[in-house]
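A.B. asks: Remember, our numbering sits 23 above the position in the sequence shown when you count from 1.
Using N, Cα and C, we set each Cβ at its ideal position, and we do this for glycine too.
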Amino acid sequence: MKIRVLGAGAGGGFPQWNCNCDNCGRYRRGEFNGKARTQSSIAVSSDGRNWLLFNTSPDIRAQQEAFPAIQPKTGIRDTGIKAVLLIDSQIDHTTGMLMLREGKPLEVYCTEMVKQDLTSGFPLFTMLKDYCTINHHPIACDETPFEIPGIDDIRIYAHALKSKAPPYSPHRHDPHDGDNIGVVVEQISTGKKLYYAPGLGEIEPQVMAAMQNVDCLMVDGTFWTDDEMVVRNISHKHAREIGHLPQSGAGGMIDVLNGVPNARKILIHINNTNPILDEDSPERKTLDANGIEVAYDGLEIDL
Ligand code: MLT
Ligand code: MN
Ligand code: ZN
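1) Please tell me whether residue 77 and residue 65 are closer than 9 Å, where the distance is taken between their beta carbons.
2) Does the beta-carbon distance from residue 85 to residue 295 come in below 9 Å?
3) Near residue 107, what residues of its chain come up, given a Cβ to Cβ distance below 6 Å and the 5 sequence neighbours on each side ignored?
4) Can you list the beta strand (DSSP E) stretches of 3 or more residues lying completely in the stretch 122–155, in chain order?
5) Quick check on DSSP: helix, strand or coil for residue 220?
6) In three-state terms, what does DSSP make of residue 278?
7) Just the C-alpha distance for residue 202 and residue 96, rounded to the nearest angstrom, thanks.
8) Expressed to the nearest angstrom, what Euclidean distance is found between the alpha-carbon atoms of residue 40 and residue 49?
9) Confirm, please, whether the CB-CB distance from residue 74 to residue 103 is below 9 Å.
10) I need the boundaries of the alpha helix (DSSP H) containing residue 160, first residue and last residue.
11) As a quick check of your reading: which residues have a C-beta less than 5 Å from at least one non-hydrogen atom of the ligand MLT, in chain order?
12) Using the Cα positions of residue 68 and residue 268, report the straight-line distance between them to the nearest angstrom.
13) When the distance is taken between beta carbons, is residue 238 closer than 9 Å to residue 287?
14) Taking the straight line between their C-alpha atoms, what separation do you get for residue 150 and residue 283?
15) Is it the case that the CB of residue 245 approaches a heavy atom of the ligand MN more closely than 8 Å?
16) Identify every run of the beta strand (DSSP E) within the stretch 25–66, keeping only runs that are complete inside it and at least 3 residues long; order them along the chain.
17) Kindly confirm or deny that the stretch 187–196 and the stretch 152–168 touch, where touching means at least three C-beta pairs closer than 8 Å.
18) For the candidate residues 223, 236, 317 and 177, whose alpha-carbon lies nearest to that of residue 70?
19) Helix, strand or coil, according to DSSP, for residue 205 in the structure here?
20) From the DSSP output, read off the bridge partner residues of residue 318.
21) Can you tell me which residues form a DSSP beta bridge with residue 323?
22) With DSSP as the reference, identify every bridge partner of residue 304, one or two as the case may be.
23) Would the beta-carbon of residue 38 be found less than 8 Å away from any heavy atom of the ligand ZN?
24) In the DSSP assignment, the alpha helix (DSSP H) including residue 85 goes from what residue to what residue?
25) What residues match up with residue 290 in a beta bridge as DSSP calls it?
26) Below 6 Å CB to CB, which residues in the same chain sit around residue 324 once its five sequence neighbours on both sides are set aside?
27) In this structure, how does DSSP classify residue 108 when only helix, strand and coil are distinguished?
28) CB-CB under 7 Å to residue 301, same chain, minus the five flanking residues each way: which ones, in chain order?
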């Protein structure tokens, strides 16, 4: 199974257009040892030709330009993107569908809750009807395995997560199963498995069980500390209240990952304020010492 990180950044990417935080400011001044990152998406394939996109980032055009495998190969209209699976209905995970409106039709896999958001508060599905057909394929959150036509040899299992629906959603403060999901992606012929959960607020038993059972983890790397944006006077929002488990501290993501002995461990969906973006930072050295990697745009994994 081939996994390509299209975008490893959180909402806003890195550097963020209006941000002058320590990371973003130093990056622009050329004083930063670390990579820019576009917004949150990965692609998975078993044959290198037919790809399943997890999330459609607002940066999808740049991501596609950087990755020839999903560019047109034959015919007057063609794409390596055979289907899209949405992890939630957050703006950074869904807005790229607007950039795919010339595709006919679009095969979109998401939960009923995500579909509700995308036909009400952020009516992408409704708008796109006048550009392309959206074939919505519902995802259940009970780990019933399913396959996606055109994506051979790949099986997916989804479960509900405690994270957060988007600020615009009626579910922001009234959570429902399916607002956010985590997925196990398995190559059937090899049995190799990836767990992908870019927005993960709490480690429930089904999450820990999935983590223990896979070869590679790509999990929420948004914030180092719970009050990261508050102490920088950027926002009043804490990591946990917007559905992201911080890395540091007791019960943080580092502690959690240290309880998973056998998988390759990669943080993804990194916010621009997070000190781990700086490859010289003590926080990044702590991750190194714990055997935890930080995803970057263009990272490819052959599982
Ligand atoms: C999140 O991951 O919490 C959101 O994408 C934040 C945002 O929409 O900017
Ligand atoms: Mn996000
Ligand atoms: Zn910033």
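C.D. replies: Quick look at the numbers:
1) Contact annotation: residue 77 and residue 65 have beta-carbon atoms nearer than 9 Å.
2) It is not a contact, given that the beta carbons lie outside the stated cut-off.
3) In chain order, 76, 79 and 131 place their CB closer than 6 Å to the CB of residue 107, counting only its own chain and leaving out the 5 sequence neighbours on each side.
4) Taking only runs of at least 3 residues, the beta strand (DSSP E) segments lying wholly in the stretch 122–155 are 129–133.
5) Residue state, collapsed to three classes: strand.
6) Note: residue 278 maps to helix in three-state DSSP.
7) Going by the C-alpha atoms only, they are around 35 Å apart.
8) Near 14 Å, if we compare the C-alpha coordinates of residue 49 and residue 40.
9) Yes. Within cutoff.
10) Bounds of any alpha helix (DSSP H) do not take in residue 160; it lies within the beta strand (DSSP E) bounded by 157–161.
11) The set, ordered by position in the chain, is 34, 113, 114, 115 and 265.
12) C-alpha separation (whole angstroms): 29 Å.
13) When the beta-carbon positions are compared, residue 287 and residue 238 come within less than 9 Å of each other.
14) Rounded to whole angstroms, residue 150 to residue 283 spans 43 Å at the Cα level.
15) The answer is yes for residue 245.
16) Runs found: 25–30.
17) Segments in contact, no.
18) Nearest of 223, 236, 317 and 177 to residue 70, Cα basis: 177.
19) Three-state result, residue 205: strand.
20) Partner residues in a beta bridge of residue 318, as assigned by DSSP, do not exist.
21) Paired residue(s): 27.
22) Answer by DSSP bridge pairing: none, since residue 304 is not bridged.
23) Residue 38: yes, Cβ under 8 Å from the ligand ZN.
24) Segment 83–88, the alpha helix (DSSP H) holding residue 85.
25) Paired residue(s): 242 and 317.
26) 26, listed in sequence order.
27) The answer is strand: DSSP assigns residue 108 an E or B state.
28) Here the set comprises 46, 55, 56, 57 and 307.
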